[in-house]
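Student: Protein chains in written order, with my numbering: chain A, 174 to 675; chain B, 324 to 823. No residue lacks a Cβ here, since even glycine has one placed at the ideal position from N, Cα and C. A single structure is presented below for examination.
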Amino acid sequence: MIAPPPVPILLIAPEVAVLATAMVVLVADLWLRPERRDLLVGGSVLGVVLAALLGVTLPDGVGFADRYVRDGLTRVGQTLALAAIALGILVAPEYLRRLRMERGEYYALVLIAGAGAMLMAASGDLLLLFLALETLSIPLYVLAASRRGSVRSQEAGMKYFLLGTFASAFFLYGIALLYGAAGTTRLAGLADFLARGPSSLAAAAGVGLLVIGLGFKAALVPFHTWAPDVYEGAPFPAAAFMSVVAKIAVFAALVRVFPLTLGALAGQWTVLLGVLAAVTMIVGNLAALAQTNYKRLLAYSSIAHAGYLLVGVATATPDAASAVMTYLAVYAAMGTGAFAVAVALERGGQEADRIEDYAGLAERAPLLAAATALFMISLAGLPPTGGFIAKLGIFAAAVEGGGRGGLVLALIGVLTSVTSVYYYLRVPYVMYAGQPGPAVASGGISSGGISSGVGGPGGAVRLHPSPMVNLVLLLTAAVVLQMGFLPRTIIAFAQQVGALLR
Amino acid sequence: MLSVLIALPLAGALLVALIPREREETIRRVGLAVSLGALVVAAWLFRAFDPASGEMQFAVRVPWIPALGIGYAVGVDGISLLLVGLTAVIFPLALLGSWGSITEQVKWFTVAMLSLEGAVFGTFLALDLILFYVFWEAVLIPMAFLIALWGGPARRYAAIKFFLYTMAASVVMLVAILALHVLGRRLLGERTFDLEVLATMVLPPGVQAWLFAAFALAFAVKVPVWPLHTWLPDAHTEAPTAGSVILAALLLKMGTYGFVRFGPMLFPEALPASAPLLAALAIVGILYGAVVSWAQTDLKRLIAFSSVSHLGFVMLGIASLTEQGLQGSLIQMVNHGISTGALFLIVGVLYDRTHSRQIADYGGVAALMPRFAVIFTIVMLSSVALPGTNGFVGEFLILLGAFQTSTWWAVLGVGGVILSAVYLLWAYQQVMHGPQAARHPERLVEVTRREVLVFAPLVALIFLIGVYPKPLLDRSEAAVQAVLNRLDRPAMAEPLRRPR
Numbered sequence: 174m175i176a177p178p179p180v181p182i183l184l185i186a187p188e189v190a191v192l193a194t195a196m197v198v199l200v201a202d203l204w205l206r207p208e209r210r211d212l213l214v215g216g217s218v219l220g221v222v223l224a225a226l227l228g229v230t231l232p233d234g235v236g237f238a239d240r241y242v243r244d245g246l247t248r249v250g251q252t253l254a255l256a257a258i259a260l261g262i263l264v265a266p267e268y269l270r271r272l273r274m275e276r277g278e279y280y281a282l283v284l285i286a287g288a289g290a291m292l293m294a295a296s297g298d299l300l301l302l303f304l305a306l307e308t309l310s311i312p313l314y315v316l317a318a319s320r321r322g323s324v325r326s327q328e329a330g331m332k333y334f335l336l337g338t339f340a341s342a343f344f345l346y347g348i349a350l351l352y353g354a355a356g357t358t359r360l361a362g363l364a365d366f367l368a369r370g371p372s373s374l375a376a377a378a379g380v381g382l383l384v385i386g387l388g389f390k391a392a393l394v395p396f397h398t399w400a401p402d403v404y405e406g407a408p409f410p411a412a413a414f415m416s417v418v419a420k421i422a423v424f425a426a427l428v429r430v431f432p433l434t435l436g437a438l439a440g441q442w443t444v445l446l447g448v449l450a451a452v453t454m455i456v457g458n459l460a461a462l463a464q465t466n467y468k469r470l471l472a473y474s475s476i477a478h479a480g481y482l483l484v485g486v487a488t489a490t491p492d493a494a495s496a497v498m499t500y501l502a503v504y505a506a507m508g509t510g511a512f513a514v515a516v517a518l519e520r521g522g523q524e525a526d527r528i529e530d531y532a533g534l535a536e537r538a539p540l541l542a543a544a545t546a547l548f549m550i551s552l553a554g555l556p557p558t559g560g561f562i563a564k565l566g567i568f569a570a571a572v573e574g575g576g577r578g579g580l581v582l583a584l585i586g587v588l589t590s591v592t593s594v595y596y597y598l599r600v601p602y603v604m605y606a607g608q609p610g611p612a613v614a615s616g617g618i619s620s621g622g623i624s625s626g627v628g629g630p631g632g633a634v635r636l637h638p639s640p641m642v643n644l645v646l647l648l649t650a651a652v653v654l655q656m657g658f659l660p661r662t663i664i665a666f667a668q669q670v671g672a673l674l675r
Numbered sequence: 324m325l326s327v328l329i330a331l332p333l334a335g336a337l338l339v340a341l342i343p344r345e346r347e348e349t350i351r352r353v354g355l356a357v358s359l360g361a362l363v364v365a366a367w368l369f370r371a372f373d374p375a376s377g378e379m380q381f382a383v384r385v386p387w388i389p390a391l392g393i394g395y396a397v398g399v400d401g402i403s404l405l406l407v408g409l410t411a412v413i414f415p416l417a418l419l420g421s422w423g424s425i426t427e428q429v430k431w432f433t434v435a436m437l438s439l440e441g442a443v444f445g446t447f448l449a450l451d452l453i454l455f456y457v458f459w460e461a462v463l464i465p466m467a468f469l470i471a472l473w474g475g476p477a478r479r480y481a482a483i484k485f486f487l488y489t490m491a492a493s494v495v496m497l498v499a500i501l502a503l504h505v506l507g508r509r510l511l512g513e514r515t516f517d518l519e520v521l522a523t524m525v526l527p528p529g530v531q532a533w534l535f536a537a538f539a540l541a542f543a544v545k546v547p548v549w550p551l552h553t554w555l556p557d558a559h560t561e562a563p564t565a566g567s568v569i570l571a572a573l574l575l576k577m578g579t580y581g582f583v584r585f586g587p588m589l590f591p592e593a594l595p596a597s598a599p600l601l602a603a604l605a606i607v608g609i610l611y612g613a614v615v616s617w618a619q620t621d622l623k624r625l626i627a628f629s630s631v632s633h634l635g636f637v638m639l640g641i642a643s644l645t646e647q648g649l650q651g652s653l654i655q656m657v658n659h660g661i662s663t664g665a666l667f668l669i670v671g672v673l674y675d676r677t678h679s680r681q682i683a684d685y686g687g688v689a690a691l692m693p694r695f696a697v698i699f700t701i702v703m704l705s706s707v708a709l710p711g712t713n714g715f716v717g718e719f720l721i722l723l724g725a726f727q728t729s730t731w732w733a734v735l736g737v738g739g740v741i742l743s744a745v746y747l748l749w750a751y752q753q754v755m756h757g758p759q760a761a762r763h764p765e766r767l768v769e770v771t772r773r774e775v776l777v778f779a780p781l782v783a784l785i786f787l788i789g790v791y792p793k794p795l796l797d798r799s800e801a802a803v804q805a806v807l808n809r810l811d812r813p814a815m816a817e818p819l820r821r822p823r
């Protein structure tokens with residue numbers, strides 16, 4: 174009889190806390206009267222805060238036969254994931270109530286997806302990584318489709334699900350090939366194997382397939398085509414959450430797999446990742462130029478940001494790894510913030526997701542407009558915001574550690590950032606300069622998506638009193654500004670990751 | 324003290340943002356008061372500055388982002404002092420000058436102007452390359468919004484062109500800054516973006532040439548050096564009066580300042596090597612700008628192209644790399660700020676009354692607005708560089724410096740002086756004299772007391788600098804000497820170089 178390995182429950186306490194919260198939320202929802210659902214929100218956030226406190230205080234360690242690793246990367250990645258969960262929950266309730274779709278499941282799904290993201294940051298084994306990836310993905314598919322009355326939401330969920338499972342299959346096949354070549358799925362074992370001899374074709378193909386699987390989740394070009402449709406169809410709060418949490422999870426995993434585990438073989442994969450990064454930055458930013466829909470704009474923006482993050486992974490120096498985590502922290506704030514702005518708005522009972530809808534908003538909601546301007550300036554990477562400091566960290570690391578290729582990537586990065594200014598600043602421009610015109614008569618041609626069920630969006634954009642969204646806006650704006658002016662603490666926190674590489 | 328100069332306008336912007344937007348009068352007064360406060364600080368700085376020293380004064384250095392080696396480092400020397408003073412003078416006047424013309428969204432206008440002032444001060448005072456870059460880029464945002472929200476009919480196009488054009492060039496500078504940082508880490512073994520520390524490196528000429536090219540591109544677009552000037556006529560023409568004034572008087576100076584500040588310190592071999600090219604482009608700019616100005620039918624466009632011509636003189640002085648040339652350039656930067664700022668304000672006065680910028684829509688204005696005619700005459704003569712006005716001092720010194728380096732440069736430059744007299748006098752004659760051609764002569768009422776208040780300090784400065792430029796020259800002399808010393812003996816810093 175084989176004795177089961179001991180379960181070091183304390184090691185995974187943060188994940189357990191989040192999952193337990195999810196269960197409690199699911200069960201409590203059955204007994205709770207609808208008007209008291211605020212308790213679910215409060216309870217979820219409480220559980221997340223508890224998990225974050227646990228995560229920061231727990232010491233390093235490994236468990237489950239080295240499959241689970243708790244180190245600096247785990248700590249930073251999980252803290253970011255937890256922040257994304259908390260923001261993802263707080264941004265939702267008022268919107269869900271307005272569209273009559275609030276159920277406890279929504280929060281539970283966010284929590285479960287978040288737990289998957291936390292596990293991805295901690296996976297020391299490809300199989301655990303796969304399980305974590307699925308734990309993250311499946312709730313996200315459901316969240317994308319969670320607006321049951323809307324065809325677009327259904328379409329988004331289905332599209333995401335089909336393409337996502339396809340990508341998962343790639344990922345799994347990659348694991349199989351690597352296992353066939355090396356006889357192990359543990360990252361440490363793989364590193365030993367790959368370092369020992371000339372890499373076999375199977376192993377190389379396996380690594381390539383892993384990149385495809387992760388690249389899909391992070392929406393790297395050319396695996397990005399799902400992103401605009403899914404973001405456009407998914408409800409705003411769900412899109413906000415998925416854009417941020419998936420990025421945190423995937424890039425934590427990429428940092429663990431590539432610089433951290435396969436660092437000695439950097440020569441073999443930096444070119445591949447570097448090319449992907451270059452293509453992603455260029456395509457993401459150029460495609461965003463033509464968008465008239467706010468969600469699609471943010472979708473392409475999220476693709477572009479995945480490109481900048483990948484520059485950091487491809488550079489593979491300690492500074493670059495720290496810069497990636499710093500960037501993720503800033504992105505979590507500005508990405509969620511940019512979505513949260515639109516969550517508070519509504520047009521004729523529908524989402525207000527056309528940029529032209531925001532015309533003249535500065536008149537009626539000066540603070541909201543100012544926050545939007547801040548997020549857009551930060552997303553464009555202009556000083557004095559966190560977006561600038563984050564990009565600076567990545568490009569500095571690329572120029573320093575990336576040789577000639579790093580210099581090229583940095584140049585592409587700064588030039589595409591210039592391009593991005595055009596589409597980002599259009600949003601605050603419309604808010605400040607545009608006149609709130611009369612409702613567009615018919616449904617209008619929305620870019621690419623299926624027009625939503627009701628006769629056609631009409632009426633001027635209305636602003637809803639949403640204290641929780643306002644809290645999210647306040648928190649994210651504060652982080653963006655803090656990262657712009659006094660980024661020391663967050664950078665120091667992220668540097669634990671670089672320290673692992675030294 | 325320098326930090327106060329940067330922080331005061333920014334804090335003022337924050338304060339104004341908190342005032343309810345209906346209270347426009349309060350907002351205007353607070354904005355003016357804050358910019359006057361900055362003027363007081365700058366005046367104190369001007370007096371407390373030690374002219375004998377060519378070093379950075381009032382320097383402050385604190386770590387900002389130690390993980391990346393970025394520091395908050397500010398300091399002032401004879402080069403930046405003059406521009407800081409100019410900034411402090413121009414902003415209150417621009418705010419006062421737009422008292423009547425900006426009536427929509429006064430609050431955000433004032434916020435944009437004050438944050439712009441803080442960022443411009445920061446650009447001239449920063450001694451850390453990243454800090455400099457932060458301010459340099461931060462200037463773009465309020466300026467683009469000034470053009471895009473309060474500008475003329477084609478404002479959107481102009482704002483986007485201005486933003487993308489200048490930013491595209493500056494991000495290349497950012498990569499060069501990062502490369503300098505990396506070289507600094509290798510050669511000095513230190514993680515730093517501090518200008519004075521990085522200046523101790525001795526870089527091989529090939530590396531210097533590339534990095535200088537990247538910096539020069541960013542600066543040349545800002546100046547603008549011909550043929551990179553095409554954003555300027557659009558931006559100047561479409562911007563509201565205050566925007567044009569700030570753009571011409573201060574933002575263009577950021578480019579020429581960049582050449583003087585960073586060229587000699589970081590690239591002591593590449594700068595002299597490229598001086599003939601810079602001079603050639605400057606001369607083309609002088610002549611081209613002047614000829615094109617002459618052909619304009621729009622007053623604002625005429626002045627915009629005249630800026631290309633006048634900034635060509637500044638670049639010529641820098642490229643001469645002589646004491647007179649550099650001093651002349653510094654003085655001429657201030658002069659151009661005063662006289663072109665005033666010219667844009669003059670067009671603003673006319674535009675506020677008739678809502679036309681076309682030269683053909685005016686004529687015989689002098690008879691209707693005699694006091695205004697006096698102001699226009701003085702400013703125009705200063706721009707033409709008549710002896711006794713400030714323009715003469717600057718252009719004379721520049722030509723003197725250029726003559727020492729190459730007779731031809733000076734000869735061609737003089738051609739530009741003559742041409743500038745031609746187009747400015749021509750424009751003046753068309754607008755102020757001749758038959759009454761205004762479509763609404765009844766609207767051309769005499770300048771108000773507030774408008775006189777705006778022009779009075781500028782006119783005073785025109786004569787003051789024209790007759791007695793010594794206070795400015797004294798303060799810039801030591802710094803200019805330090806620049807030239809660096810160019811003569813770049814190897815001075817040799818011992819700091821370490822083997823890898």
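Between B:Asn808, B:Leu807 and B:Leu796, which lies nearest to B:Gly401 when the distance is taken from Cα to Cα?
Tutor: When only C-alpha atoms are compared, the closest one is B:Leu796.
Student: Of all Cβ atoms in chain A, is any one closer than 7 Å to the Cβ of B:Arg821?
Tutor: Below a pLDDT of 50, predicted positions are generally treated as unreliable, and B:Arg821, at 44, falls in that range; the measurement from the model is reported next regardless. Chain A, which has no Cβ nearer than 7 Å to the Cβ of B:Arg821, makes this no.
Student: Looking at the secondary structure, which residues open and close the beta strand (DSSP E) in which A:Leu205 lies?
Tutor: Taken as a continuous stretch (DSSP letters only), A:Leu205 belongs to no beta strand (DSSP E), as it is neither H nor E.
Student: Go to B:Leu511, then tell me how far its alpha helix (DSSP H) extends in each direction, as first and last residue.
Tutor: It spans Arg478 to Leu511 - the alpha helix (DSSP H) in which B:Leu511 sits, taken as one unbroken run.
Student: To the nearest angstrom, how far is the alpha carbon of A:Arg270 from that of A:Ala546?
Tutor: Approximately 27 Å between the Cα atoms of the pair.
Student: With distance defined between alpha-carbon atoms, name the residue in A:Gly560, A:Phe512 and A:Leu212 nearest to A:Phe658.
Tutor: Here the closest residue by C-alpha is A:Gly560.
Student: Which same chain residues, not among the five before or five after A:Leu336, have their C-beta less than 6 Å away from its C-beta?
Tutor: Same-chain partners within the cutoff: Trp399.
Student: Grouping DSSP H, G and I as helix and E and B as strand, with all else coil, what is B:Gly782?
Tutor: Note on residue identity: the sequence assigns Val, not Gly, to residue 782 of chain B. Note: B:Val782 maps to helix in three-state DSSP.
Student: Step through the CB atoms of chain A and report whether any lies within less than 7 Å of the CB of B:Met524.
Tutor: No, B:Met524 does not count as interfacial toward chain A.
Student: Does the Cβ of B:Phe538 lie closer than 6 Å to at least one heavy atom of the ligand SAH?
Tutor: With respect to the ligand SAH, the structure offers nothing, as it holds no ligand at all.
Student: Report the residue from A:Gly436, A:Ala342, A:Thr357 and A:Ala376 whose alpha carbon sits nearest the alpha carbon of A:Lys390.
Tutor: Looking at the Cα atoms, A:Ala342 is the closest of the given residues.
Student: Quick test of your reading: B:Ser662 and B:Ile785, contact by CB under 8 Å. State the CB separation rounded to the nearest angstrom.
Tutor: Indeed they touch by this definition, with Cβ atoms about 7 Å apart.
Student: For a contact meaning CB atoms closer than 8 Å, what does A:Glu573 contact in chain B?
Tutor: Chain B residues near A:Glu573: Leu501, His504, Val505 and Arg508.
Student: What's the gap between the Cα of A:Val418 and the Cα of A:Tyr279?
Tutor: If you take the alpha carbons of A:Val418 and A:Tyr279, they lie about 15 Å apart.
Student: Listed from N- to C-terminal order along the chain, which residues in the region 471-486 of chain B have their beta-carbon within a distance smaller than 7 Å of any beta-carbon of chain A?
Tutor: Cβ contacts with chain A come from Ala471, Leu472, Ile483 and Phe486.
Student: Which two residues bound the contiguous alpha helix (DSSP H) that contains A:Tyr280?
Tutor: That run of the alpha helix (DSSP H) goes Gly277 to Ala295.
Student: For A:Ile182, I'd like the list of residues in its chain whose CB is within less than 8 Å of its CB, leaving aside the five on either flank, ordered along the chain.
Tutor: Excluding sequence neighbours, A:Ile182 sits near Val189.
Student: What is the DSSP secondary structure of A:Pro395, reduced to helix, strand or coil?
Tutor: Note: A:Pro395 maps to coil in three-state DSSP.
Student: Between which two residues does the beta strand (DSSP E) holding A:Gln327 run?
Tutor: Element bounds for A:Gln327: not the beta strand (DSSP E) but the alpha helix (DSSP H), Val324 to Ala355.
Student: Among residues of its own chain, excluding the 5 on either side of A:Val423, which ones have a beta-carbon nearer than 6 Å to its beta-carbon?
Tutor: Around A:Val423: Leu387, Lys390 and Ala391.
Student: Please report the straight-line C-alpha distance between B:His633 and B:Ile342, rounded to a whole angstrom.
Tutor: Those two C-alpha atoms are separated by around 40 Å.
Student: In angstroms, rounded to a whole number, what distance separates the CA positions of A:Ser551 and B:Ile329?
Tutor: The alpha-carbon atoms of A:Ser551 and B:Ile329 are separated by roughly 21 Å.
Student: Rounded to whole angstroms, what is the Cα-Cα separation between A:Val503 and B:Leu418?
Tutor: Straight-line Cα distance between these residues: approximately 36 Å.
Student: Taking the C-alpha atoms as reference points, what is the distance between B:Thr433 and B:Val357?
Tutor: Their Cα atoms are separated by approximately 11 Å.
Student: If you draw a straight line from the alpha carbon of A:Ala186 to that of A:Ala329, how long is it in whole angstroms?
Tutor: Whole-angstrom Cα-Cα distance: 34 Å.
Student: Could you name the residues of chain A that B:Glu460 contacts, counting a contact when the two beta carbons are closer than 8 Å?
Tutor: The answer, in chain order, is Leu555, Pro556 and Phe561.
Student: Helix, strand or coil for B:Tyr685 per DSSP?
Tutor: Note: B:Tyr685 maps to coil in three-state DSSP.
Student: If we call anything under 7 Å between Cβ atoms a contact, is A:Ala472 one with A:Asn458?
Tutor: Contact: no.
Student: Please confirm whether A:Gly304 and A:Gly347 have their CB atoms less than 7 Å apart.
Tutor: In the sequence on display, residue 304 of chain A carries Leu and not Gly. No, Cβ-Cβ distance for A:Leu304 and A:Gly347 is not below 7 Å.
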